[in-house]
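Structure record follows, encoded as structure tokens.
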Amino acid sequence: MKLSFALAALAGLAEGTITYVDQETGFTFSEYKAAYSLTANIVFRFALPSNAPSGPYNAVIQTVVPNQLGWIGLAWGGNMVRNPLTVAYPNGQKATVSSRWATGHTTPTSYTGATYTLLNAGNKVNGSHWQFTAKCSGCTTWTGTSGSVRIAPTSSSRLAFAYSTGKASTPSSNTSSIPVHDTPNYFTNDFSQGLNPNFDALLQRNGVSDTGAGAVFVDGPL
Ligand code: HEM
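For the sequence shown, the positions run 821 to 1042 when the working numbering is used.
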């Protein structure tokens, strides 16, 4: 039995991907509650377009994180090295989202292959949690250790996450240094549970345009 499953079972937490419809942004997300202790989890949500082109395409990522955590990271390829890392930390009443890439088990550096735009809604902090909601261009395709990778929107794939109770040193900066994580962990997310036929319109409703899906596979401009 995997440790994450054992933890979730002990804590009575939900395990597996479900569909979550977010009233605030209007997006339908695939949702996974990743247990990181006996009693607490990080909620990861992914909204993808149902009409994604065969190359790069945009995604919306939303997370809900207990206030005890100083930063969290999501590895789109399921391990630390050579895949887009979405790192986030609270900054006042919102979170800073930081695009990173690691070539080894050392502090990841800034990654320009993926860019994030916070939506007008779904970004907040309260007495128990912090939450961000962002469009990512460049999170679903990349060049990994064995070549081109693309997350198929209708598939399940293994993701990894990392977290720390330690804080970012400069929370307002998306290149802040962050302390090393506690034990990282993995989960399988079923992206097909978060498909949106009206993806572009929903982005617009939330103040974000759907241009620039990233250019990992293409030679010319998009
Ligand atoms: C802040 C600086 C970071 C340092 C110094 C660091 C360092 C390390 C080290 C030393 C390991 C190996 C642990 C072991 O074998 O026992 C590791 C593993 C791992 N780290 Fe990081 N890490 C950092 C940030 C991140 C971030 C931002 C992520 C984003 C998700 C991440 C995800 C992982 C994962 C998933 C593993 C498991 C092994 C693997 O998949 O490669 N790390 N890290």
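From the three backbone atoms N, C-alpha and C, an ideal C-beta is built for every residue, glycine too.
Separation of the CB atoms of Gly890 and Ala988 is rounded to 7 angstroms, and the pair is thereby assigned contact status at 8 angstroms. At least 8 angstroms separates the beta-carbon of Asn887 from that of Pro991. For Ser874, the three-state secondary structure derived from DSSP is coil.
For Leu868, the enclosing beta strand (DSSP E) stretches over residues 861-869.
With respect to Thr848, Asp1010 sits apart: the two C-beta atoms are not nearer than 8 angstroms.
Contact between the segment 963-982 and the segment 913-921 is not established, with fewer than three Cβ pairs separated by less than 8 angstroms.
When only Cα atoms are considered, Thr859 and Gly947 end up about 17 angstroms apart.
Every beta strand (DSSP E) of 3 residues or more that sits fully in the segment 957-1005 is shown, in chain order, as 961-964, 967-970, 976-984. If you look at Leu939, you'll find it isn't in any beta strand (DSSP E); DSSP assigns it neither H nor E.
Judged by their CB atoms, Phe952 and Gln843 are not nearer to each other than the 8 angstroms cut-off. In the structure shown, Leu1015 falls within a strand segment according to DSSP collapsed to helix, strand and coil. The beta carbons of Leu1015 and Ser870 sit closer together than 8 angstroms. Taking all protein chains shown into account, Thr929 has fewer than 16 neighbouring C-beta atoms within 10 Å of its C-beta and is therefore exposed.
Residue pairing by DSSP puts Arg920 in a beta bridge opposite Leu905, Ser930.
Counting along the chain, the unbroken beta strand (DSSP E) around Tyr840 starts and ends at 838-841. Around the Cβ of Ala972, a 10 Å sphere holds fewer than 16 other Cβ atoms; the residue is exposed. With 16 or more other CB atoms across the displayed protein chains lying within 10 angstroms of its CB, Gly942 is buried. In this structure, Thr927 places its C-beta atom within 8 angstroms of the C-beta atom of Ser997. Not one heavy atom of the ligand HEM sits closer than 7 angstroms to the Cβ of Ala915.
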